[in-house]
Amino acid sequence: MAYLELQNLHRDFGTNKALDGIEIQLGEGEFLSLLGPSGCGKTTALRLVAGFDRPDQGRIVVDGKDVTRVAPNKRDMGMVFQAYSLFPNMTAHQNVEFGLRIRGKDRADRRKRVDDLLELVGLGHAGTRYPHQLSGGMQQRVALARALAIEPRVLLLDEPLSALDAKVRVQLREEIRRIQLELGITTLYVTHDQEEALSVSDHVAVMYRGRIEQMGSPAEMYTAPATPFVAEFIGTMNRIEATVVDPSTGTIETGGVTLTVEAARGKARGDRVLVLIRPETVEVAAANGAGANTMTGEVLTHTFLGPVTRLKIVSGQSSLIADMPTARAAALPPGSKVDAALPATEARLLDLKDDEALPQITEEPGPAGP
Amino acid sequence: MSGRRRLPLAWIVTLPFFAYTLLFMFLPAGSVLIGAFEGKTHGYTISNVTTLFHHPYIDAFKTSIEISGTTALIGGAVGLAVAYAAIREGTPRWVRSALTTFSGVAANFGGIPLAFAFISTLGPLGIITVFGRSHGWDPTAHGFSLFSKTGVELAYMYFQLPLMILVISPAIDGLRKEWREASSNLGASQLQFWRYVGVPVLMPSLLGAIILLFGNAFAAYATAYSLTAGTVNIVPILIGAYYSGNVLNNPHLAQAMAFGMFAVLAVMMVFYIPLQRRAARWAK
Amino acid sequence: MRPTRRIAPTAVIWLLIAFGYFFIPLIATFLFSLKSNQTGHCCTAANYSWVVHSSAFWHTLKISFLLAIETIVISLALFVPTIYWVHLRVPKLRPVIAFLALIPFVIPPIVMVVGLLQFFKGTPSWFYAQPWGFLAGAYVILAFPYMFFSLDAGFRSIDVHTLTEASQSLGARWGTTLVKVILPNIRSAALAGSFLTLAIVMGEFTIANLSAFNTFPIFIQYVNESQGFPAASLTLMSFAITWAAMLSLLVVGRKRGQRAAIVAGAR
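Protein chains in written order, with numbering that gives the first Met the number 0: chain A, 0 to 369; chain B, 0 to 283; chain C, 0 to 266.
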């Protein structure tokens with residue numbers, strides 16, 4: 000049975016539908032990331048769970064109890080905010096202690112628990128420091144300890160890493176996951192960073208325009224995106240618009256090139272489809288004029304990504320991105336004529352409705368400075 | 000270009016400013032200090048200053064401090080509440096800008112016109128007095144007089160309140176929404192938020208603002224002068240009366256009172272600075 | 000994108016209290032100003048006409064206005080080159096000057112006038128007995144905090160170094176640079192300081208009263224003591240002058256969102 004349920008949540012801000020019917024079921028101790036671009040409703044959903052805002056429609060159920068109308072200070076939800084949420088007039092120790100003090104726990108218990116928690120987040124030595132004496136990463140660790148101190152029923156994290164440096168971000172997200180597993184605490188995590196979401200979660204829900212586009216395990220989200228938006232948002236994806244030529248063999252046609260794709264079998268002739276191909280599944284070799292399922296083109300640019308190099312290839316009207324081991328990429332410098340073989344089995348196909356525009360994805364700006 | 004040769008030159012441009020400050024600020028201030036300790040005819044004495052501890056001077060200082068303290072504390076508290084009401088979430092934006100603009104005007108609207116505005120309102124023939132009287136409730140029958148200490152305090156509130164609003168608003172802006180949400184999230188009520196977070200965070204600004212309001216009322220002269228015509232004895236009015244010579248021509252006593260005002264402000268600072276340091280120990 | 004929240008009931012109560020406290024005295028004054036000075040009944044414009052036909056009104060208003068202009072000119076002449084130079088060459092001096100400029104805000108005017116009268120006693124009468132000498136000299140000191148903080152904010156918002164170097168690299172001399180390049184850029188800051196100074200000088204009573212000069216506020220006090228209802232119309236006019244100065248301040252200050260230190264002056 001689900002521990003945390005969001006049932007048909009709606010929330011409008013004026014004419015803007017921030018949430019347009021959200022359904023989530025999360026088992027006890029599970030870690031779900033709400034992933035999406037800014038304005039997709041993910042933070043609104045989190046704030047509804049925390050109780051800072053009320054839904055126009057729908058229910059929030061925790062452990063079988065409806066908490067939709069419960070005041071935020073009676074919900075026992077621990078929340079970690081984006082940044083600058085520590086009380087500036089209290090030391091790290093006092094910040095963590097705050098919730099326990101409010102709950103009237105006795106002094107000795109509080110002390111023990113706060114020390115344990117600061118130890119857990121790796122700040123056993125920094126209890127007497129004030130927030131302005133802590134780095135951004137340390138502040139977020141304290142915020143995490145503070146949220147955990149009240150033994151919350153659900154841990155809520157609202158882009159807790161977005162104000163931090165890249166290196167600290169990676170380190171801290173792994174620690175958050177470690178602590179979450181250690182305590183077995185049900186967690187809702189909001190982020191716009193797909194790498195972050197995929198690396199720490201049990202489940203990922205991609206949100207767009209107030210709806211959940213797709214929900215699944217990180218691997219499912221990556222290998223089997225259900226909508227063009229998810230395909231675009233998670234990882235890098237080649238998207239090729241094509242028309243089905245022969246459904247029986249799975250043949251499709253794009254820009255004068257015919258390709259065979261397993262997934263196209265059973266479509267109707269003349270259907271417009273979107274072919275989705277991960278760059279790492281494209282096989283690139285020097286042009287020799289042969290090979291099935293191959294687009295011939297010219298290497299435009301190299302982007303060095305460490306172990307792999309990303310090649311941008313132009314072929315007639317369309318362009319293609321392919322990743323290949325850096326060691327081999329040197330043989331195909333920009334300007335080389337190449338054959339790019341597309342995998343017949345690994346390419347995925349989405350129906351493209353005539354009126355459907357491809358989603359535009361905008362970079363999410365980080366939080367404003369202090 | 001050698002720094003040694005340029006430095007004096009760099010100072011020359013600022014010379015007129017320093018000369019003016021010396022001539023119109025420091026030397027006159029010095030003459031007050033020296034004058035306060037000068038005898039009536041010759042030599043130096045502390046008798047002017049010791050006289051301050053006797054009637055009517057000590058009473059004037061008491062009244063001045065009481066009026067300033069009362070209006071600073073009440074004006075401060077009400078000003079804080081009004082500023083917060085205008086800034087908090089839910090209040091339309093225009094309320095705040097209207098309030099700020101109006102406060103800018105009202106804080107500068109002191110003196111004689113203010114006194115008259117209050118006479119029109121709460122004086123013996125004032126609108127509210129007349130209204131109250133015709134509805135069976137006469138404020139003067141309950142011992143209220145605009146020309147008393149309470150009346151002066153009410154009038155002072157007209158510039159104390161907006162001054163507080165102007166001074167404290169930036170500090171209220173500094174209260175982050177996250178703090179309120181985090182405290183609520185951790186189980187605290189509104190009241191607990193203010194007790195443990197809101198007020199302590201505002202405290203350094205609050206102390207500074209209260210001191211400013213105190214000094215503001217302590218220095219005020221025109222409003223009380225016009226309102227009470229000398230019936231409420233505050234230090235500036237006493238100084239004015241003595242100095243202009245229509246009571247007793249002893250400028251040294253007036254200078255001693257001026258010195259006394261300095262001393263009161265200095266004592267305020269002696270209390271203020273450690274309090275401020277304590278309140279702000281969590282800040283940089 | 001934030002939740003559209005309704006205004007809190009307690010907020011409404013506090014705002015209403017403030018509204019009442021601010022406006023009831025003004026409304027009362029307005030109603031007073033419409034009453035006949037002879038009969039005490041409403042409604043007549045006679046009080047306004049009495050004021051406008053009073054030669055003392057125009058005379059003292061002129062004195063106060065000219066005093067304000069003189070104060071503004073002297074303080075600008077004193078502060079603009081100083082602050083410019085401090086920003087350009089001797090930033091170390093800035094805190095010193097800020098401190099000195101703040102002192103007049105802390106000293107009660109009554110103390111200030113006692114010191115000034117004592118110190119300048121015996122100086123030539125063209126200075127000591129003239130508002131344009133003694134009083135203007137004192138008002139420049141009163142204007143210190145307002146002028147300094149307005150101008151300092153203005154200078155901080157422009158890149159003094161780059162502007163000066165650019166101007167000099169094009170062959171301009173110091174004077175030319177200051178007048179043609181720097182001044183236009185701090186114009187709104189200078190105007191803000193000037194309007195504040197105007198409001199202060201037009202309402203200053205303490206120093207004028209003790210040094211026995213006949214300025215506009217002294218005239219208001221005289222009418223207050225001698226004529227009941229015309230004083231109400233004068234009070235409103237005085238309030239309107241403060242309003243005009245503050246609104247002008249907002250208009251010139253709006254461009255850069257610069258919020259000058261608009262705090263109590265006419266106490």
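The C-beta atom is built at its ideal place from N, Cα and C for all residues, glycine as well.
Interface partners of residue i on chain C, CB under 8 Å
i, result
"B/S30", "G114, Q117, F118"
Where the alpha helix (DSSP H) containing residue i begins and where it ends
i, result
"C/L30", "8-32"
"A/R210", "From DSSP, A/R210 is part of no alpha helix (DSSP H) but of the beta strand (DSSP E) over 210-215."
"A/D115", "106-119"
"C/F98", "93-105"
"B/V31", "26-35"
"A/Q193", "193-199"
"A/K166", "165-182"
"B/I127", "126-133"
"C/V110", "108-119"
Interface partners of residue i on chain B, CB under 8 Å
i, result
"C/I23", "T120, I126, I127"
"C/R5", "G89"
"C/Y20", "M156, Y157, L160"
Minimum Cβ-Cβ distance from residue i to chain E less than 8 Å
i, result
"B/R175", "Included in the structure are the protein chains A, B and C, with no chain E among them."
Beta-carbon neighbours of residue i, restricted to chain A and to distances below 8 Å
i, result
"B/I15", "Residue 15 of chain B is actually Pro in this sequence, not Ile. Correct list: empty, because the minimum Cβ distance to chain A is about 40 Å."
"B/N47", "Within chain A, no residue comes near B/N47; the closest Cβ sits about 46 Å away, beyond 8 Å."
Cβ-Cβ separation, residue j to residue i (assumed contact under 8 Å), whole Å
i, j, result
"B/V231", "B/T62", "7 Å"
"C/F78", "C/F147", "6 Å"
"C/M245", "B/N107", "7 Å"
"A/L156", "A/V79", "5 Å"
"A/V199", "A/R168", "Contact doesn't hold; Cβ gap of about 11 Å is too wide."
"A/L310", "A/A328", "7 Å"
"A/A421", "A/I312", "Because chain A spans 0 through 369 in this model, residue 421 of chain A falls outside it and cannot be assessed."
"A/A44", "A/M76", "13 Å between Cβ atoms; not a contact."
"B/F115", "C/N223", "6 Å"
"B/I164", "B/L98", "6 Å"
"A/A204", "A/M214", "4 Å"
Three-state secondary structure (DSSP) of residue i
i, result
"C/A171", "coil"
"A/N72", "helix"
"A/D19", "strand"
"C/L249", "helix"
"A/P87", "coil"
"B/T70", "helix"
"A/N94", "helix"
"A/R327", "helix"
"A/M236", "coil"
"B/Q159", "helix"
"A/V307", "strand"
"A/I251", "strand"
Endpoints, beta strand (DSSP E) assigned at residue i
i, result
"A/V203", "202-207"
"A/V188", "Reading the sequence as shown, one finds Tyr at residue 188 of chain A and not Val. 186-190 is the span of the beta strand (DSSP E), which, as asked, contains A/Y188."
"A/N7", "3-12"
"A/T302", "293-303"
"A/L34", "30-34"
"B/T139", "Note, B/T139: premise wrong, no beta strand (DSSP E); not H, not E."
"A/S335", "No beta strand (DSSP E) contains A/S335, which DSSP labels as neither H nor E."
Proximal residues of chain B, C-beta to C-beta of residue i below 7 Å
i, result
"A/Y83", "R175, E177"
"C/F31", "S119"
"C/F238", "F108, P112"
Closer than 9 Å at the beta carbon, the chain A residues around residue i
i, result
"B/E180", "R46, A49, F51, P71, M78, F80, S84"
Amino acids of chain A, ordered along the chain, whose beta-carbon sits closer than 7 Å to that of residue i
i, result
"B/A187", "N72, I101"
Chain C residues whose Cβ lies nearer than 7 Å to that of residue i
i, result
"B/G214", "V105"
"B/I238", "I109, V113"
Under 9 Å from the C-beta of residue i: neighbouring residues of chain C
i, result
"B/T287", "What the structure shows of chain B is the stretch from 0 to 283, and residue 287 of chain B is not part of that stretch, so it cannot be assessed."
List, from N- to C-terminal side, the alpha helix (DSSP H) runs of 4 residues or more that fit wholly inside the segment 205-236 of chain C.
205-209, 215-225
If you scan the segment 155-204 of chain C from start to end, which runs of the alpha helix (DSSP H) of 4 or more residues do you find wholly inside it?
-> 159-168, 186-202
* To do: Return the chain-ordered ranges of every alpha helix (DSSP H) run that is complete within the segment 240-280 of chain B and spans a minimum of 4 residues.
  => 250-278
### Query
Can you list the alpha helix (DSSP H) stretches of 4 or more residues lying completely in the segment 170-244 of chain B, in chain order?
176-184, 189-192, 198-218, 221-227, 234-242
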